[in-house]
Amino acid sequence: MTELTSSTIAELRDGFRAGEFSAREIAEDFNAAIVAGRALNAWTVETPELALAAADVADAARGDDTLKPLSGIPLGIKDLFATEGVDSTAGSNILKGFKPPYESTVSSKLKDAGAGMLGKLNMDEFAMGSSNETSAYGPVISPWQRSDGGNAALTPGGSSGGSAAAVAAGMAPGVTGTDTGGSIRQPAAFVGICGIKPTYGRCSRWGIVAFASSLDQAGPMAKTVRDCAIMLEVMSGFDPRDATSLNVPVPKWEAGLSSDLKGKRVGIPTEYRIDGVPAEIDAMWEQGVEWLRDAGAEPVKISLPHTRHALPTYYIIAPAEASSNLARYDGVRYGLREMGVKSLDDMYAATRAAGFGAEVKRRIMIGTYVLSAGFYDAYFTKAQKVRSLIKRDFTEAFELCDCILTPTAPSAAFGIGEKMSDPLAMYLNDVFAVPASLAGLPAMSVPGGLDGQGLPLGLHLIGREMDEQGVLNAALAIEERAGFTARAERWW
Amino acid sequence: MVVSDYRITGATGEWEVVIGLEVHAQVTSNAKLFSGAATIFGAEPNTQVSLVDAAMPGMLPVPNRECIRQAVRTGMAIGAQINRWSRFDRKNYFYADLPQGYQISQLYHPLVGEGEITVLLDDKDESSAKSIGVERIHVEQDAGKLMHDQHPTMSFVDLNRSGVALMEIVSKPDMRSPAEAGAYVRKLRAILRYVGSCDGNMEEGSMRADVNVSVRRVGGPGEPEAELGTRTETKNVNSVRFVMAVIEHEARRQVEVIEEGGAIIQETRLFDPDKGVTRTLRSKEDAHDYRYFPDPDLLPLELDEAFLAECRASLPELPDAKRKRFEALGIGAYNASVLTAEVETARWFDALLDAGAPPAQAANWVASELFGALNRMGRTLLDSPVSPADAAELLRLVADKTLSGSLAKQVFEIMLESGDAASKIVEERGLKQTSDTGAIDIAIDAILAANADKVQQYKDGKEALFGFFVGQTMKAMQGKANPQVINERLRAKLAV
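Chains A and B supply the protein sequences, listed in that same order.
At position 119 of the first sequence (counting the first as 1) the number is 119 in the numbering used here, and the numbers step up by one without a gap.
Count along the second sequence from 1, add 492, and you get the number used in the numbering used here.
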């Protein structure tokens with residue numbers, strides 16, 4: 001599309017402020033890109049009128065000098081966020097047509113900061129998936145294709161697949177994602193953009209459809225580290241309506257950006273070397289270490305001994321919480337209702353059978369099982385204990401280093417349909433992402449380069465609790481050195 | 493410690509009843525446990541429902557400090573251990589009145605630990621005291637309400653009550669008779685109302701009990717106590733009378749079942765107040781697996797010393813302390829019990845004492861005269877026509893002998909009708925008692941002269957006639973004479 005749609009948030013913000021173009025021009029260009037990109041199936045709802053309305057407010061604000069941090073910037077919002085009067089369905093049939101009478105805290109903050117909304121972004125149903133294939137709206141197609149000329153449709157990753165594709169295809173300069181066990185970072189890596197999951201509690205969960213409450217965190221996805229910092233600053237902050245919200249000030253992350261890592265130690269966890277991971281991923285990791293060394297950091301070997309238990313632990317805790325969180329979708333008050341044969345139980349069964357997809361049902365069943373009498377201690381209690389050990393691993397590691405570098409995902413993007421029949425292979429996608437989620441730590445994916453098939457690979461940085469700045473700065477150092485400018489060639 | 497002798501006599505022998513109660517008490521608070529919605533009883537359906545109470549997608553619970561405070565104060569009032577670290581758990585089950593699909597409760601780490609409640613089985617007798625253990629108090633959400641009478645084929649849901657804070661007060665299986673259970677519920681209700689943490693209104697459902705009952709054979713002397721029998725739980729019993737009826741019925745039923753060779757099944761039962769029987773609601777086999785786990789939307793509840801200190805400082809004098817203080821003031825045990833049973837009575841009586849009324853006389857007067865009058869008028873202390881200050885003045889006039897007992901009754905009746913102060917009535921109507929021996933002597937002389945025959949009979953030994961002369965003299969004095977002076981003068985004159 002135009003040069004506006006390939007610009008970063010920072011460029012759009014600064015250009016708009018300088019009067020190089022209007023907010024309306026920005027919104028119109030992105031609206032047009034969305035229409036042109038419908039083949040990617042990234043959006044569940046398009047709201048061009050909302051983007052234009054916010055743009056007009058921004059243009060007026062520029063006239064009378066009342067600009068806000070995101071004035072003139074249109075954004076995409078993942079369908080997991082409740083948006084007032086606009087369908088908010090978590091990618092599920094059970095919420096089809098649900099228009100909440102309220103706005104999530106995070107999307108409110110973005111709107112209050114002047115941002116417009118381009119639409120709602122497709123996602124795995126209830127954020128359960130790593131390929132966006134579990135969505136009731138059908139899979140999102142990645143704008144990226146392998147360089148083998150085969151034109152195979154690839155996944156943009158998940159669950160924030162629509163979010164990732166929208167940024168990569170120039171349909172939005174920035175988007176919201178949510179990350180429960182890698183749902184921001186893995187898709188960001190698959191499409192060659194940046195995405196950060198902040199410390200658990202930084203972003204309010206109020207108004208975000210819950211998947212696994214103790215893990216869910218919102219975060220931004222955008223082309224650059226700076227753009228992520230800009231958005232995260234707006235999205236973060238204490239919210240008295242979320243009891244797990246962190247009551248701490250929000251740092252000025254954008255102003256604090258610095259790629260000078262002198263005196264910093266970067267931990268390289270031995271346990272993240274896993275059999276079966278392609279050599280290209282390892283090579284990219286090595287390259288990342290060199291870039292950070294070049295930026296002044298000292299690489300140190302660290303050990304996170306409980307890493308291999310992270311994925312099983314995650315797949316007990318997350319489904320357990322989900323099985324309870326999703327009980328409210330019962331057909332009584334909102335969303336889909338299928339009348340059963342006669343009883344209330346029949347209605348529940350019919351509604352939930354029709355409303356939930358296979359992966360959601362699988363996780364509800366896993367979660368119900370691990371919480372049931374006789375299994376609770378063996379699964380859930382054990383998993384909680386292992387989670388504590390995983391957290392302790394990080395605490396001990398951070399005595400030796402300031403941040404941790406790993407690959408984001410064990411592979412580049414895969415083809416749609418390739419892993420749907422094998423849930424375990426699908427779950428393995430998040431093997432590097434999940435430990436930071438269990439520990440509640442800030443973590444970010446930044447593009448490192450392309451693999452042999454021309455697909456993006458991401459590098460993953462994990463920081464100390466509340467040290468988003470450290471994560472952003474290390475990512476910035478990589479971004480500057482990687483010089484990743486590759487964009488998906490437009491085929492859609 | 494009192495040992496109950498309540499027994500069920502079955503065909504094969506004597507049985508003892510073992511009772512434990514789980515009392516659900518609605519916390520007095522303007523807002524719900526995890527939302528800001530109001531909690532007024534009897535509001536139009538679905539008018540007190542927040543997004544959180546309706547479990548809309550993405551909504552989150554935030555604990556209401558006042559509800560926690562009330563539960564902590566209640567725990568302190570029964571001398572219980574307050575857990576500075578507690579946690580909320582989800583109890584998962586599906587029902588149309590439970591929007592979240594789970595109730596937020598506290599299974600693993602309750603807010604309040606062990607405490608005890610002392611009940612008097614006989615109000616007149618301090619030695620009838622029995623201590624009933626409280627296992628724990630935890631806070632949890634109430635559910636909504638289904639309405640089945642609004643539509644021919646559908647049920648309606650009212651979520652006004654959904655999310656309202658409840659305290660679940662779990663007793664130990666320490667009760668052995670319906671009377672003990674009744675005394676426990678009444679005492680608990682009194683404590684809650686003193687503390688102000690629950691209005692104790694059982695008709696409106698602010699307080700209801702799940703009644704656990706089991707029976708076991710009474711061992712002979714020296715035999716070890718039999719193991720506890722299998723218990724049944726009768727849910728949502730909403731009056732003291734019904735609690736006692738449930739125990740009586742359920743104990744008899746269990747004895748019959750066992751004596752006929754059957755076994756008690758651990759099950760949940762419902763009480764039918766019309767028939768006075770309990771019936772099966774669901775057996776253990778259909779019991780839910782509630783899949784309790786810590787609520788990940790809520791951080792553990794940690795209480796600091798300042799919070800606890802405030803809770804402690806805000807506690808009023810409690811029923812037992814008040815009763816003992818009243819007894820120390822010379823008030824009889826029975827009156828002290830009656831005056832402290834209800835917080836309104838106790839407060840009214842304290843105001844009466846503060847206004848200077850003599851304690852023992854005041855207690856008698858309130859228990860007989862005032863309660864009698866209020867009963868007659870169909871009123872309670874809350875809308876008594878006589879204030880504590882007015883009553884104190886009346887009692888002072890008796891104490892300083894301005895009024896005799898009978899004059900005081902007259903004045904009190906006039907106070908009830910007119911609302912006037914006692915002193916004003918005495919002044920205006922000249923109802924002052926007289927000890928003027930001159931006037932009294934004249935009256936006595938006239939009476940004795942007019943009843944010479946009776947005087948003779950008296951002197952012949954019919955001493956009962958003394959009362960007749962007193963009455964006649966008092967009558968002649970229009971009730972205003974000091975009865976003691978009449979007595980003295982009469983004796984002197986009749987002795988001549």
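The beta carbon of each residue, even a glycine, is placed where N, CA and C say it ideally should be.
Given the structure is predicted, the values throughout are model-derived calculations rather than measurements.
Residue i classed as buried or exposed, judged by whether at least 16 other C-beta atoms fall within 10 angstroms
| i | result |
| --- | --- |
| Tyr784(B) | buried |
| Glu715(B) | exposed |
| Ser578(B) | buried |
| Ala935(B) | buried |
| Asn730(B) | buried |
| Val248(A) | exposed |
| Glu479(A) | buried |
| Glu905(B) | exposed |
| Ile629(B) | buried |
| Asn151(A) | exposed |
| Lys951(B) | exposed |
| Pro101(A) | exposed |
| Thr645(B) | exposed |
| Trp285(A) | buried |
| Leu874(B) | exposed |
| Met969(B) | buried |
| Leu684(B) | buried |
Contacting residues, own chain, Cβ-Cβ under 6 Å from residue i (five flanking each side not counted)
| i | result |
| --- | --- |
| Met1(A) | Reliability of the predicted coordinates at Met1(A) is poor, the pLDDT of 44 falling under 50, and no value is obtained from them. |
| Ala854(B) | Leu844 and Leu887 |
| Ala475(A) | Val225, Met444, Val446 and Leu461 |
| Ala852(B) | Gly822 and Ile823 |
| Glu740(B) | Pro670 |
| Val707(B) | Trp507, Val509, Gly721, Ala743, Gln746 and Val747 |
| Leu4(A) | Ile26 and Asp29 |
| Ala547(B) | Pro591 and Gln592 |
| His516(B) | Leu658, Glu660 and Arg700 |
Integer Cβ distance of residue i from residue j, believed to fall under 8 Å
| i | j | result |
| --- | --- | --- |
| Ala588(B) | Leu344(A) | 6 Å |
| Ala502(A) | Trp144(A) | In the structure as shown, chain A begins at 1 and stops at 492. Residue 502(A) is therefore absent and cannot be evaluated. |
| Arg146(A) | Leu455(A) | 6 Å |
Nonlocal neighbours in the same chain, by C-beta distance under 8 Å from residue i, ignoring five residues either side
| i | result |
| --- | --- |
| Phe375(A) | Tyr369 |
| Met128(A) | Thr134, Ser159, Phe211, Ala322, Glu359, Val360 and Arg363 |
| Phe380(A) | Ile316, Ile317, Ala320, Val370 and Leu371 |
| Thr770(B) | Thr724, Thr726, Val738, His741, Glu742, Arg745, Arg761, Leu762, Phe763 and Asp764 |
| Thr307(A) | Pro269, Glu271, Tyr272, Ile390, Asp393 and Pro435 |
Same chain, Cβ closer than 7 Å to residue i, neighbours up to 5 away in sequence not counted
| i | result |
| --- | --- |
| Ala530(A) | The question about residue 530(A) has no answer here: the residues shown for chain A are numbered 1 through 492. |
| Ala439(A) | Ile390, Lys391 and Phe394 |
| Ala18(A) | none |
| Leu543(B) | Met551 |
Test: residue i CB closer than 7 Å to a CB of chain E
| i | result |
| --- | --- |
| Ile208(A) | In the structure shown, chain E does not exist; the protein chains are A and B. |
Proximity test, residue i beta-carbon vs the ligand ADP heavy atom, cut-off 6 Å
| i | result |
| --- | --- |
| Ile500(B) | The ligand ADP is not part of this structure, which contains no ligands at all. |
* **Uninterrupted alpha helix (DSSP H) stretches inside the stretch 137-212 of chain A (no shorter than 4 residues)** => Counting whole runs of 4 or more residues, the stretch 137-212 of chain A contains the alpha helix (DSSP H) stretches 161-168 and 185-191.
message: As an exercise, report each continuous alpha helix (DSSP H) stretch of at least 4 residues that is fully enclosed by the stretch 31-107 of chain A, in chain order.
response: Here the runs fully enclosed are 48-64.
Review point. Which residues, in order along the stretch 750-783 of chain B, keep a beta-carbon less than 8 Å from a beta-carbon of chain A?
Key: Residues passing the 8 Å Cβ filter: Asp781 and Arg783.
**Study point:** Those runs of the alpha helix (DSSP H) which lie wholly inside the stretch 517-569 of chain B and span at least 4 residues
**Key:** Listed in chain order, the complete alpha helix (DSSP H) runs (minimum 4 residues) inside the stretch 517-569 of chain B are 557-569.
Please identify, using Cβ separations under 7 Å, the residues of the stretch 591-610 of chain B that lie next to chain A, in order along the chain. If you check each beta-carbon in the stretch 591-610 of chain B against every beta-carbon of chain A, the ones closer than 7 Å belong to Pro591, Gln592, Gly593 and Tyr594.
- Uninterrupted beta strand (DSSP E) stretches inside the stretch 357-444 of chain A (no shorter than 3 residues): With a minimum length of 3 residues, the continuous beta strand (DSSP E) runs that stay inside the stretch 357-444 of chain A are 403-407.
Q: Report the residue ranges of all alpha helix (DSSP H) runs contained in full by the stretch 229-270 of chain A; include only those spanning at least 4 residues, in chain order.
A: The qualifying runs do not exist here; there are none.
Residues from the stretch 816-835 of chain B in contact with chain A, defined by Cβ distance under 9 Å:
So nothing in the stretch comes that close.
* Asked: Which ranges does the alpha helix (DSSP H) cover as unbroken runs of at least 4 residues, wholly within the stretch 272-310 of chain A, from first to last along the chain?
  -> Secondary structure remark: continuous alpha helix (DSSP H) runs of at least 4 residues inside the stretch 272-310 of chain A, in chain order: 279-294.
### Query
Quick one: complete alpha helix (DSSP H) runs, 4+ long, within the stretch 653-699 of chain B?
Segments of the alpha helix (DSSP H) lying fully in the stretch 653-699 of chain B: 670-687.
Item to complete: Entirely within the stretch 758-837 of chain B and at least 3 residues each: give me those beta strand (DSSP E) ranges in chain order.
Response: Listed in chain order, they are 759-764 and 769-775.
Check distances from the C-beta atoms of the stretch 231-253 of chain A to those of chain B and list, in chain order, the residues that come in under 8 Å. Taking 8 Å as the upper bound on Cβ-Cβ separation, chain B lies near residues Pro240, Arg241, Asp242, Ala243 and Thr244 of the stretch 231-253 of chain A.
Along the stretch 169-202 of chain A, what residues have a CB closer than 9 Å to any CB found in chain B? Close to chain B, meaning a Cβ-Cβ distance shorter than 9 Å, is no residue of the stretch 169-202 of chain A at all.
Discussion item. Output needed in chain order: residues of the stretch 348-382 of chain A with a Cβ under 7 Å from some Cβ in chain B.
Written reply: So the list reads Tyr348, Thr368, Leu371, Ser372, Ala373 and Phe380, given in the order they occur along the chain.
**Report entry** Contact residues within the stretch 531-550 of chain B, judged by C-beta distance below 8 Å to chain A
**Finding:** Cβ contacts with chain A come from Leu543, Ala546, Ala547, Met548, Pro549 and Gly550.
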